[in-house]
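Residue numbers (this note's numbering): 140 to 617. Note that beta-carbon positions come from the ideal geometry of N, C-alpha and C, so glycine has one too. All values reported here derive from a predicted model rather than from experimental measurement. Data block below; observations after.
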Ligand code: HEM
């Protein structure tokens with residue numbers, strides 16, 4: 140009897156497999172026939188080989204995106220740096236690529252960049268490995284975890300602001316200084332307290348890596364890329380020393396390194412040292428320039444609007460007094476509940492500056508969107524800045540107006556941290572860091588921007604021209 144049941148069961152499975160195989164082939168064939176009939180999105184592919192790269196890079200790239208949107212609408216094709224691309228400018232289209240049909244669009248980065256960060260970093264992956272790493276990173280950057288490092292962030296902020304004020308008569312490059320701040324906060328969230336000699340070594344080599352990230356990728360000795368490649372190797376060595384020390388001392392830790400070290404998959408496998416190192420570098424990389432850029436913009440926006448600055452100052456002074464003239468540390472709940480105006484300033488800075496103007500994916504199959512074909516292998520770029528600067532969603536979009544956030548934005552129209560499976564897990568830490576920086580800055584310091592006050596520079600994120608040269612001093616000594 141058992142044998143007959145097994146035989147019948149086997150036949151059913153075989154039959155289903157054969158039917159599914161033919162159905163799949165039919166779907167594929169019909170899909171192919173259907174997609175062969177679909178038109179490509181409107182737009183121009185430019186010149187042979189170079190496409191529209193010159194048009195894009197000879198002007199502010201955002202002007203290129205906006206003029207195309209005006210001409211063609213929410214979806215258009217182009218050809219940039221050897222890649223056929225489809226650009227998308229509407230909230231629905233961005234959601235389609237990043238959320239609802241995310242499985243049809245994979246992350247895509249040039250190999251030369253992957254090698255500098257580390258190929259096992261989560262943002263290069265999809266599927267099980269990505270999910271496993273993402274859970275770990277997300278957990279160590281969740282509100283529950285970062286509420287414990289508010290004081291650590293305050294110490295870093297206080298020390299860096301003091302260092303600016305100590306050189307009162309020197310003009311500093313605000314963006315470069317903000318990068319020091321976001322680097323130290325990144326290190327704190329990844330390692331907790333890290334010995335100074337390790338931090339110095341990491342900083343030195345990491346700096347060389349970031350310089351090479353956007354340079355021409357060649358392995359000729361002495362070039363910026365090759366130097367970055369060598370510095371990345373040294374970083375692996377330093378990180379593996381830190382990892383061994385933690386393992387030896389059996390130090391757990393609620394920081395990211397602790398979570399990565401403790402992680403086991405369902406088969407009980409732990410992560411390799413390379414996987415751990417690539418993800419630590421990846422997080423640092425994702426955290427540093429982004430947060431530094433937004434902090435620099437926020438300072439500029441506040442500087443340009445004295446009335447708003449006074450409102451923010453009053454709000455922060457109230458918290459300062461509540462903390463006994465700043466002698467008690469800031470609490471997580473104060474950053475959440477006692478800083479409504481400052482929180483809106485942060486959101487509006489994220490919208491206005493839209494420092495991640497767009498992201499990239501690659502279509503893994505032919506995909507239909509609103510009657511157009513997005514061919515397999517084409518790059519797909521949701522343009523976040525176009526969404527944030529569309530007057531349909533944000534009235535008078537060029538105006539810096541934090542009060543617009545008194546009402547929640549329409550769904551999917553505010554995506555400074557992306558959306559879907561790869562959305563930024565560091566968004567709460569970034570916002571916390573900016574709030575702590577503003578709190579200390581406006582309650583104890585004053586600053587003036589030096590020289591030309593307008594203009595944007597790309598490096599590659601947009602920052603105020605020349606990194607916002609400025610002078611800082613302690614309020615009492617003004
Ligand atoms: C204002 C600052 C920041 C902005 C605007 C920002 C923005 C973004 C965006 C738009 C993405 C999604 C990219 C995509 O879908 O292709 C992203 C991903 C990511 N961000 Fe951030 N980020 C910021 C700060 C941070 C910080 C502070 C950390 C960590 C401490 C961080 C860690 C990451 C990581 C690890 C990913 C990749 C997630 C994944 O692939 O699953 N970011 N970020």
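One thing to note: residue 614 has its Cβ no nearer than 8 Å to the Cβ of residue 570. At a cut-off of 7 Å, the beta-carbon of residue 335 does not count as near ligand 1: no heavy atom of the ligand is closer than that.
Counting C-beta atoms within 10 angstroms of its own C-beta, residue 575 has 16 or more neighbours from the protein chains shown and is therefore classed as buried. In this structure, the CA atom of residue 577 is about 26 Å from the CA atom of residue 421. The closest heavy atom of ligand 1 lies less than 7 Å from the beta carbon of residue 425. Non-local C-beta neighbours of residue 536 in its own chain, meaning closer than 6 Å and more than five positions away in sequence, comprise 528, 530, ordered along the chain. Set against 7 Å, the gap from the CB of residue 262 to the closest heavy atom of ligand 1 is smaller. Counting of Cβ neighbours within 10 angstroms places residue 224 among the buried residues, the total reaching 16 or more. Within the same chain, and ignoring the five residues on either side of residue 439 in sequence, the residues whose Cβ sits closer than 6 Å to its Cβ are 603, 607. The Cβ-Cβ distance between residue 478 and residue 507 does not fall below 8 Å.
With 16 or more other Cβ atoms from the protein chains shown falling within 10 Å of its own Cβ, residue 491 counts as buried. When the beta-carbon positions are compared, residue 241 and residue 213 stay at least 8 Å from each other. Taken through DSSP and simplified to helix, strand or coil, residue 248 comes out as coil. If the five residues before and after residue 312 are omitted, its C-beta is found closer than 8 Å to the C-beta atoms of 605, 606, 607, 608, all from its own chain and listed in chain order. Inside the region 163 to 235, DSSP marks whole beta strand (DSSP E) runs of 3 or more residues at positions 214 to 219, 222 to 227, from first to last along the chain. Taking a contact as a CB-CB distance under 8 Å, the pair residue 377 and residue 485 does not count as one, their CB atoms being some 33 Å apart. Of the residues assessed, residue 452 falls on the buried side of the cut-off, its CB having 16 or more other CB atoms within 10 angstroms.
Not a single heavy atom of ligand 1 lies less than 7 Å from the C-beta of residue 396. Secondary structure at residue 547: coil, using DSSP grouped into helix, strand and coil. The residue among 556, 517, 289 with its C-alpha nearest the C-alpha of residue 180 is 517. Distances from the CB of residue 328 to the heavy atoms of ligand 1 include at least one below 7 Å. Beta-bridge partners of residue 595 (DSSP): 603.
If the five residues before and after residue 468 are omitted, its C-beta is found closer than 8 Å to the C-beta atoms of 289, 290, 293, 462, all from its own chain and listed in chain order.
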